[in-house]
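S.K.: Below is the structure I would like to discuss, written out as structure tokens.
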Amino acid sequence: MQNNGKLALCFHTLFVIFLMAPLVVVMLVAFTPNGYISYPTDGFSLRWFRAILENRSFVQAFWNSLYLGIGAASVSAVLAVPAALAIARYQFRGREALVSLFLSPLMIPHVVLGVAFLSFFSRIGVYGTFYALVAAHVIIIMPYTMRLVMASVFGMDRRVEQAALSLGASQWTVFRRVTMPIILPGVAGGWILAFTTSFDELSMTIFVASPSTTTLPVQMYNHIAHTIDPLITSVSTVLIVLTALLVLILDRIYGLDKVLIGKG
């Protein structure tokens, strides 16, 4: 920041304000006592935050999204580690095609993927199940995990592994005690990005979810389609606060530079 001039600092400040202003307005509207979305409000009330706890659909949708995000992100991380190691360290026919396959969900609109998953899951008889939803989310979040894990593997000094092997360690011991700790920041960063993407996913999920597996974004979308009240703003405020607390905790305990960019 010391290298930036006054004009650059003013631009950055205005840019941050431009990004944060909608979030601040949403949070302020959440405290309205009125039964409709209005700002400025006539007073201060926690009415719509209490309404979240009284609405079982939103509570259940939150837990569905949480379980779905954790499960899908964990599966994608487990699959991404061996795939990234194989792609980064070995030359074989179809290597570039394999990389393109893992990253291809980034190039396909989620609406198209949703329709495709709907048809496929219906044909094999698993439509609406939680496992089908996890499988669909693993496919769309896999690119985020793969990119960060591959970056960590490519940036790793293999001489550390060779030193461990020369001292008599087995391949499994080297992976568990040398390789995995080194690439862990990339794996953790990929897991967090994958979890966030899965938790917020709507366009594809709305085609695959059933009434018993409705996620929070789908529930919010359905609620807005039928009525407009400050309940949506209170739910959004809770998510904003939880996200800010999570970022703060990660920064204090582990460091965002390690988690998100793999900095040592």
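According to this note's numbering, the sequence shown is numbered sequentially starting from 9.
Backbone N, C-alpha and C fix where the C-beta goes; we use that ideal spot for every residue, glycine too.
1. Quick one, which of A96, P48, M28 has its alpha-carbon nearest I191's?
2. Can at least three beta-carbon pairs, one atom from the region 197-214 and one from the region 140-155, be found at a separation below 8 Å?
3. Which of the three DSSP states, helix, strand or coil, is assigned to R101?
4. With 16 other CB atoms within 10 Å as the buried threshold, where does E62 fall?
5. Starting from E169 and walking both ways along the alpha helix (DSSP H), at which residues does that stretch end?
6. Output yes or no for whether 9 Å exceeds the beta carbon distance between L210 and V226.
7. Below 8 Å, how does it come out for the region 85-99 and the region 246-259: are there three or more Cβ pairs, yes or no?
8. Can you tell me the Cα-Cα spacing of F70 and R101, whole angstroms?
9. Roughly how many angstroms separate the alpha carbons of V146 and L27, rounded to a whole number?
10. To the nearest angstrom, report how far apart V123 and M212 are at their CA atoms.
M.R.: This is what the structure gives:
1. A96
2. Yes: at least three Cβ pairs fall under 8 Å.
3. coil
4. exposed
5. 167-174
6. Yes, they are a contact pair.
7. no
8. 44 Å
9. 30 Å
10. 8 Å
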